[in-house]
Amino acid sequence: MSLGAFFKPKSVAVIGASSKLRSVGYGVLRNLVTGGVFQSKYAKPFNGEVYAVNPNADKVLGRHAFNSVLGIPGEVDLAVVCVPSEVVPKVTRECSKKGVKACIIISAGFAEAGNKELQAEVLKAAGRMRVLGPNTLGVIAPSSSMNASFGLTTPAPGSIAFLTQSGAIADSVIDWAIEEEYAFSAIVSLGNAADVALPELIEHFVRDRQTKVICCYVEGIRDGKAFLNALRNAKRRGKAVVVLKAGRSASGKKAVSTHTGSVAGSHKVFEGALEQGSAISVDNLNDLFLFAKALDFCPKPKSNGFVVVSNAGGVAVLLSDYCEKYGVKLVELKESTLRKLDRTRKMHPAYSRRNPLDLVGDATPERYEAALKVLLRAPYVAGLFVAQTLQTMTDPAKNAEIIVEAKKRGKPILTVFLGGKYSRDSMLYLNGHRIADFNDPERAVKAAAALLKFAGKK
Amino acid sequence: MLGPVESFELLKKYGIPFPKTAFCDDLGGVLESAASMKFPVVLKVSSREETHKTEKGLVQLGIHNLDELSLAFTRLQHKAEHFKVDSFILQEQKRGVEFIIGGQNDAVFGDSVLFGLGGIYAELFNDVSVRVCPLTRKDAESMIEATKARVFFEDGFRGKKASKKQVVHLLMKTSLLLAKEPVVSLDFNPVIADENGASVVDARVVLR
């Protein structure tokens, strides 16, 4: 059965719904009813039916509590199970009998705790019903206004699907995403992945029209061939997959008798598979989402030829260094481009007249605007890095508006508004308008390298 | 684990090139085999158990004539008393850049192929690349490009160059061998390549 009911159900039943503050059954119901236990402007009530199931209560959070899922009069597309592990097989059987399409089992105490038999029993009880988990945080689908998890709240709806084998990391990512304006089509915690596993989820989001980028936090996979196939399908359909693999050092477990085994550790195989599947491999959580942001916000560069525009010589030099390090090419500015820049009469007499284009410290928004216009019109310029440091003459808000306007020319623009407190509003404005700001030259260049790799230009 | 004779037979079956090689039990056999070989040759011990043969002095390189060969044999025989030695291997000596090609059956992805610089460097710097089988030509090329060894295939380094086409060919043959045989792991180390060819000088193969 397809996975659709996990993300766009019409009705959800919470089995083990509770009025007890700080219990999982409370958190899940509250998240469904309000969008988030923690306040967020993106947290909205689920717009389908929500049923509470608890045989020991009449009412939960002011709504009728059913004795069993079987007592619910209407259809139930999705069940969220948060009862003690020993009761899970029974309620799973009831859900299956009811005709529930998809079941999220939040309860822990299965394979991860050594109880493989209990997990197998649950799978058997599920029959044709699809199961996510057990031992999962749940699913958050911001675009369907559905928070079927005990994660703190709902982030903005958008185009990133985040698939994670750690529920706790999902929590931190949500907290962070709200601060940084990352926007998601879905956040899925896989838990023990007894039934629904990573390859099938990737395949689902490859077909999901809302999703542009699939981010994965992976600790281990079972079916390597299916995973590689899913990556190849993503590539065929033009979806980017970014993967952070944890637990690399455990790779030594499969030591083999030959010499090769001592260096071949299975992490190397994993990395190789990512390469063969054209996925983007990252080393840390920061890069996972920075790259996702760039891949989500930026159009594909048509060639490997960027220009740096900066009001700070130092940042321009750093960007150039990083470009060389990460294989991003800075194109040479043609004489005709320089003449056009001169003709704008906005350039400083001492401007660099080469790439990186140093607009000089007193650069006004008008000077940025003139430079951006000329450069983005040049067919040989594939994209821009726009750097800004704050000086008394700098107008970060106006500069940000100019960049948002310049984006309409359809070329990737990665910005480095280098600073903190006084640059922050402009950075958020940029991110809010789907311009990827990195606040750091190296991160911006690494993200551009990921874009080029995805576009097949590197 | 396959012995050296069976390992080289396996290479032959899959069209994987290796230098002219003879397995001998005594000096007479060595000298007789040398008659049909081109000098310089290498004399080394054949052993299922001993690894790191060079470090143990169980390999005699750069033998240019029959006199040197007799001397090398005596030296090796003397050394061999301290190790578990099955027989002796006489081989035409290849010159070029040393690489390593490995194969392993991974629990998650199945058969995989490894490539890196030979000798101690691949291990020391962990500068190897791995791909899941079956390898396409593009996969094999990207494996080479993913390591620092790529310089030998582009401009060369200190006058040493290797044929990318030949190494790619070897990688793909290795992938084919892995697909057809029940290999747990294999180790072609070293593989010696120059601008005209690439051959497997030593092979260790473990079957299920």
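These protein sequence lines are chains A and B, in that order.
Here the first sequence stands for residues 61 to 518, where the numbers follow our numbering.
Here the second sequence stands for residues 152 to 359, where the numbers follow our numbering.
Don't be surprised by glycine CBs; every beta carbon is placed ideally from N, CA and C.
Heavy atom of the ligand ZN within 8 Å of residue i beta-carbon
i: N499 (chain A); result: The model depicted lacks the ligand ZN and carries no ligand whatsoever.
CB contact check: residue i to chain A, cutoff 9 Å
i: Q317 (chain B); result: no
i: A258 (chain B); result: yes
i: G154 (chain B); result: no
i: R359 (chain B); result: no
i: V302 (chain B); result: no
i: A349 (chain B); result: no
i: V352 (chain B); result: no
i: A297 (chain B); result: yes
i: S263 (chain B); result: yes
i: R282 (chain B); result: yes
i: V111 (chain B); result: The structure shown has nothing for residue 111 (chain B), since chain B only spans 152 to 359.
i: S293 (chain B); result: yes
i: Q242 (chain B); result: no
Whole-angstrom distance between residue j and residue i, CA atom to CA atom
i: G154 (chain B); j: A173 (chain B); result: 14 Å
i: H408 (chain A); j: R427 (chain A); result: 8 Å
i: E128 (chain B); j: R246 (chain B); result: This structure gives no information on residue 128 (chain B), because the portion of chain B shown stretches from 152 to 359.
i: L334 (chain A); j: F514 (chain A); result: 12 Å
i: D278 (chain B); j: Y272 (chain B); result: 8 Å
i: K313 (chain A); j: I295 (chain B); result: At K313 (chain A) the pLDDT is 40, less than 50, meaning the model places this residue with poor confidence and gives no usable figure here.
i: S203 (chain A); j: G95 (chain A); result: 12 Å
i: G211 (chain A); j: T271 (chain A); result: 21 Å
i: A246 (chain A); j: V143 (chain A); result: 24 Å
i: S145 (chain A); j: R190 (chain A); result: 18 Å
i: S336 (chain B); j: L329 (chain B); result: 9 Å
i: Q228 (chain B); j: H215 (chain B); result: 19 Å
i: V323 (chain A); j: G122 (chain A); result: Note that V323 (chain A) scores a pLDDT of 43, beneath 50, so its modelled location is shaky; the value from the coordinates is reported in the next line. If you take the alpha carbons of V323 (chain A) and G122 (chain A), they lie about 60 Å apart.
i: P151 (chain A); j: S209 (chain A); result: For the sequence presented, residue 151 (chain A) should be read as Val rather than Pro. Between V151 (chain A) and S209 (chain A), the C-alpha separation is close to 18 Å.
i: L130 (chain A); j: R90 (chain A); result: 22 Å
i: N195 (chain A); j: S167 (chain A); result: 5 Å
i: Y165 (chain B); j: R269 (chain A); result: 46 Å
i: V113 (chain A); j: V199 (chain A); result: 19 Å
i: S100 (chain A); j: Q336 (chain A); result: 40 Å
i: G227 (chain A); j: N252 (chain A); result: 11 Å
i: A504 (chain A); j: P285 (chain B); result: 36 Å
8 Å contact criterion, which residue i and residue j should meet: CB distance rounded
i: F266 (chain B); j: T298 (chain B); result: 7 Å
i: A447 (chain A); j: V377 (chain A); result: At roughly 11 Å, the Cβ-Cβ gap does not stay under 8 Å, so A447 (chain A) and V377 (chain A) are not in contact.
i: V283 (chain B); j: G261 (chain B); result: 7 Å
i: E260 (chain A); j: N293 (chain A); result: 11 Å between Cβ atoms; not a contact.
i: K389 (chain A); j: N364 (chain A); result: 5 Å
i: A457 (chain A); j: L432 (chain A); result: Not confirmed; about 16 Å, so no contact.
i: V273 (chain A); j: L63 (chain A); result: Not confirmed; about 18 Å, so no contact.
i: N107 (chain A); j: S205 (chain A); result: 6 Å
i: L474 (chain A); j: A354 (chain A); result: 6 Å
Minimum Cβ-Cβ distance from residue i to chain B less than 9 Å
i: F330 (chain A); result: yes
i: I281 (chain A); result: yes
i: G284 (chain A); result: yes
i: Q22 (chain A); result: Past the edges of chain A, shown from 61 to 518, lies residue 22 (chain A), and the structure says nothing about it.
i: Q336 (chain A); result: yes
i: A333 (chain A); result: yes
i: S341 (chain A); result: no
i: L288 (chain A); result: yes
i: K314 (chain A); result: Only weak support exists for where K314 (chain A) lies, its pLDDT of 42 falling under 50; the value from the coordinates is given anyway. With 9 Å as the cut-off, K314 (chain A) counts as an interface residue toward chain B.
i: S326 (chain A); result: yes
Residue closest to residue i, alpha-carbon to alpha-carbon, out of the options
i: A300 (chain B); options: B:K289, B:D290 and B:A313; result: B:A313
i: C358 (chain A); options: A:E240, A:S78, A:V199 and A:R469; result: A:R469
i: S338 (chain A); options: A:G365, A:A290 and A:L379; result: A:A290
i: F234 (chain B); options: B:D218, B:S293 and B:L209; result: B:L209
i: Y102 (chain A); options: A:F349, A:K70 and A:A237; result: A:A237
i: E243 (chain B); options: B:Q211, B:V156, B:T325 and B:I252; result: B:Q211
i: L450 (chain A); options: A:A466, A:K467 and A:D485; result: A:D485
i: D59 (chain A); options: A:P472, A:N346, A:A112 and A:P115; result: No information on residue 59 (chain A) is available, as it lies outside the stretch 61 to 518 that chain A covers here.
i: V110 (chain A); options: A:A77, A:Q179, A:V84 and A:S100; result: A:A77
i: K311 (chain B); options: B:P285, B:F250 and B:E157; result: B:F250
i: L258 (chain A); options: A:P439, A:C275 and A:A186; result: A:C275
i: G87 (chain A); options: A:L183, A:A185, A:V148 and A:L197; result: A:L197
Partners in chain C for residue i, counting only beta-carbon separations shorter than 9 Å
i: D290 (chain B); result: Protein chains in the displayed structure are A and B, and chain C is not among them.
Three CB pairs or more closer than 8 Å across the region 201-217 of chain A and the region 168-178 of chain A: Fewer than three beta-carbon pairs drawn from the region 201-217 of chain A and the region 168-178 of chain A are found closer than 8 Å, and the two stretches are therefore not classed as touching.
Do the region 315-335 of chain B and the region 345-356 of chain B make contact, defined as three or more Cβ pairs closer than 8 Å? yes
Taking three-plus beta-carbon pairs below 8 Å as touching, is the region 417-433 of chain A in contact with the region 459-470 of chain A? Yes, the region 417-433 of chain A touches the region 459-470 of chain A.
Should the region 250-264 of chain B be regarded as contacting the region 192-204 of chain B, the criterion being three or more beta carbon pairs within less than 8 Å? With contact defined as three or more Cβ pairs closer than 8 Å, the region 250-264 of chain B and the region 192-204 of chain B are not in contact.
Using 8 Å as the cut-off, can you tell me whether the region 495-506 of chain A makes contact with the region 169-183 of chain B, which would need three or more C-beta pairs spanning the two stretches below that distance? no
Can you find at least 3 beta carbon pairs, one from the region 130-144 of chain A and one from the region 68-76 of chain A, that sit closer than 8 Å? Per the Cβ contact rule, the region 130-144 of chain A is in contact with the region 68-76 of chain A (3 or more Cβ pairs under 8 Å).
Cβ pair count under 8 Å reaching 3, the region 296-310 of chain A against the region 340-350 of chain A: yes
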